[in-house]
DNA sequence: GTACTTGCTGACTCATGAGTCAGCAAGTAT
DNA sequence: ATACTTGCTGACTCATGAGTCAGCAAGTAC
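Residue numbers (the numbering used here), protein chains in the order written: chain A, 48 to 249; chain B, 48 to 249.
Here is the structure:
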């Protein structure tokens with residue numbers, strides 16, 4: 048029985064390659080990653096990879112975009128569609144969403160961007176537009192609605208949606224750097240949100 | 048008049064080289080930095096650099112250590128020596144200390160560690176021992192003293208000194224990634240500390 | 001002045017890894 | 001079967017940059 052040396056699978060290749068690339072980038076970082084290693088994990092030759100992606104940089108951008116796309120939209124949608132009170136939403140869906148972030152691929156992308164971002168300003172802009180700006184916007188909208196409904200009061204805290212994100216940021220960095228040391232990231236995030244809630248509740 | 052091609056300055060060389068290396072690493076990151084560029088900026092030949100530092104990695108470690116050394120001790124000392132009330136200390140020296148961090152060399156080191164840390168676990172340990180552990184310890188000691196003096200009340204927040212750091216972390220990452228977009232990092236940090244204070248004040 | 005030590009130079013080597021390309025073989029049409 | 005298209009392979013090139021080293025010259029001792 049003859050094993051064919053390869054099969055033609057034009058459609059799935061790009062996705063398989065970016066998936067493999069994500070893994071390798073996650074483990075080694077951008078500069079540490081070898082294109083040949085990516086090809087190997089995707090079960091493909093180096094040459095083929097270069098048929099789908101012009102350069103390593105190109106591949107990198109494709110990976111970031113594949114991870115980032117539409118990831119925050121669900122939050123915005125949840126804010127708009129929910130019928131919960133602001134307090135219940137914060138304690139429920141919002142908290143759940145935030146707890147998930149540090150373990151998600153987004154954390155990997157953040158690390159990659161911190162490391163190599165300054166070389167690819169357009170990538171940073173892309174991330175800004177599709178994650179940071181949207182994410183902060185969604186939180187702002189949520190708070191704003193709470194205020195106009197009389198559930199929250201306006202204050203300094205209201206002006207900084209970044210404070211909602213802050214414990215998530217700490218959790219991500221902690222996880223990236225100090226895998227050995229334990230930190231209850233869920234509890235950390237929850238504590239911050241509870242403190243904010245206590246502070247802005249009308 | 049003859050300019051001598053070089054002078055012998057055995058004592059100052061290492062410091063001059065690590066200073067130059069810090070600059071280059073800050074601009075280009077570890078992998079992006081060229082040893083020759085470091086040498087050039089230090090006004091020295093590549094060969095000499097390798098006389099003082101065995102490898103590029105060695106140089107990197109030296110840079111991190113030179114930045115990190117004793118940086119947090121001043122905080123711990125301030126906590127122990129102050130005669131201010133806990134509230135006044137938090138609003139004064141502690142706040143000032145934290146505002147300074149995002150613009151300091153420590154932010155550069157954090158970026159370098161996030162980027163390359165996983166390749167140098169002993170460096171991460173070093174950073175842990177000398178910055179993170181000490182820093183969190185100092186904050187914990189401060190809070191603990193406040194509680195025992197009856198100025199603060201124990202709560203969930205008290206268990207997470209990371210919450211004091213969180214806005215500093217956000218500020219650092221923001222500054223590193225989004226130089227273009229403005230964020231009043233001082234105000235961000237202040238707002239978080241005020242919220243914490245309001246929350247734990249007895 | 002002469003001899004000696006050693007801080008210092010810069011042209012070199014050599015490994016590595018991104019990117020190329022001539023040709024091969026899987027699939028398709030006739 | 002035969003001819004043809006094109007997804008795919010992997011050995012190659014070539015630039016880059018870390019690390020070396022033979023020799024030079026600044027400082028020192030006599």
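The beta-carbon is built from N, C-alpha and C at its ideal position, and this holds for glycine as well.
Can you list, in chain order, the residues of the segment 146–159 of chain B whose Cβ is nearer than 7 Å to any Cβ on chain A?
-> 158
What's the call for residue 54 of chain A, buried or exposed, on a 16-neighbour Cβ count within 10 Å?
-> exposed
Give the single residue among B/106, B/237, B/185 whose Cα lies nearest to the Cα of residue 66 of chain B.
-> B/106
Between the CA atoms of residue 198 of chain A and residue 136 of chain A - distance to the nearest angstrom | The C-alpha of residue 198 of chain A is placed about 12 Å away from the C-alpha of residue 136 of chain A.
Chain B contact residues for residue 117 of chain A, given Cβ-Cβ distances below 9 Å = Those within 9 Å of residue 117 of chain A in chain B number zero; the least Cβ separation is about 21 Å.
Straight-line gap, residue 240 of chain B to residue 170 of chain B (C-alpha atoms, nearest Å) = Annotation: residue 240 of chain B to residue 170 of chain B spans about 30 Å, alpha carbon to alpha carbon.
Enclosing alpha helix (DSSP H) for residue 227 of chain A [first to last residue] = Where residue 227 of chain A is concerned, there is no enclosing alpha helix (DSSP H), given that its DSSP letter is neither H nor E.
Residue 137 of chain B CB to nearest chain A CB: under 9 Å?
-> It does not: the Cβ of residue 137 of chain B has no partner Cβ on chain A nearer than 9 Å.
Please list the partners that residue 7 of chain A has in chain B, where partner means a Cβ-to-Cβ separation under 9 Å.
-> For residue 7 of chain A there is no data in the structure shown, the boundaries of chain A being 48 and 249.
Interface residues of chain B around residue 191 of chain A at Cβ under 7 Å?
-> Near residue 191 of chain A there are no residues of chain B at all, since even the closest Cβ is about 17 Å away, more than 7 Å.
Of all the CB atoms in chain A, is at least one closer than 9 Å to the CB of residue 238 of chain B?
-> yes
CA-to-CA distance, residue 146 of chain A to residue 159 of chain A, given in whole angstroms = 21 Å
To the nearest angstrom, report how far apart residue 191 of chain B and residue 154 of chain A are at their CA atoms.
-> 33 Å
Leaving aside the five residues before and after residue 211 of chain A along the sequence, list all residues of the same chain whose C-beta is less than 6 Å from its C-beta, in chain order.
-> 186.
Would you call the segment 111–127 of chain B and the segment 171–183 of chain B in contact, with 3 or more CB pairs under 8 Å?
-> yes
Do residue 203 of chain A and residue 238 of chain B have their C-beta atoms within less than 9 Å of each other?
-> yes
Select from A/69, A/172, A/194, A/87 the residue whose C-alpha is nearest the C-alpha of residue 227 of chain B.
-> Answer by Cα proximity: A/172.
Do residue 224 of chain B and residue 164 of chain A have their CB atoms nearer than 9 Å?
-> yes
Below-9 Å beta-carbon distance, residue 206 of chain B vs any chain A residue | Closer than 9 Å: yes.
Does the beta carbon of residue 107 of chain B sit closer than 9 Å to a beta carbon anywhere in chain A?
-> no
Whose C-beta lies closer than 8 Å to the C-beta of residue 123 of chain A among residues of the same chain, with five residues either side of it excluded?
-> 181, 184, 185, 188
Taking C-beta to C-beta, are residue 220 of chain A and residue 142 of chain A nearer than 9 Å?
-> No, the Cβ-Cβ distance between residue 220 of chain A and residue 142 of chain A is not below 9 Å.
Return the residues of the segment 204–236 of chain B that lie within a Cβ-Cβ distance of less than 8 Å from chain A, sorted by chain order.
-> 204, 206, 207, 209, 210, 212, 213, 214, 216, 217, 220, 221, 223, 224, 225, 228, 230, 234, 235
Could you spell out the range, first to last residue, of the alpha helix (DSSP H) harbouring residue 111 of chain B?
-> Here the alpha helix (DSSP H) through residue 111 of chain B covers 103–115.
Kindly list, in the order they appear in chain B, the residues whose Cβ is closer than 8 Å to that of residue 171 of chain A.
-> 224, 225
Would you identify the three-state DSSP class for residue 199 of chain A, choosing helix, strand or coil?
-> It is a strand residue.
Using a cut-off of 8 Å between C-beta atoms, extract the partners of residue 134 of chain A located in chain B.
-> Per Cβ cutoff of 8 Å: no residues; residue 134 of chain A is ~17 Å from chain B at best.
Residue 93 of chain B: first and last residue of the uninterrupted alpha helix (DSSP H) it sits in | 93–99
Any Cβ of chain B within less than 9 Å of the Cβ of residue 64 of chain A?
-> no
Scan the segment 112–197 of chain B and note each continuous alpha helix (DSSP H) run of 4 residues or more that stays entirely inside, going in chain order.
-> 120–128, 133–136, 142–147, 152–163, 168–174, 180–195
Got a sec: is the Cβ-Cβ distance from residue 245 of chain A to anything in chain B below 9 Å?
-> Residue 245 of chain A counts as touching chain B.
Assign residue 55 of chain B to one of three DSSP states: helix, strand, or coil.
-> Look at residue 55 of chain B here: in three-state DSSP terms it is coil, with no helix or strand label.
Considering only the beta carbon of each residue, do residue 248 of chain B and residue 130 of chain B sit closer than 9 Å?
-> no
When the Cα of residue 126 of chain A is compared with those of A/111, A/109, A/144, which residue comes out closest?
-> Minimum Cα distance to residue 126 of chain A is reached at A/144.
So what does DSSP say about residue 81 of chain A, is it helix, strand or coil?
-> coil
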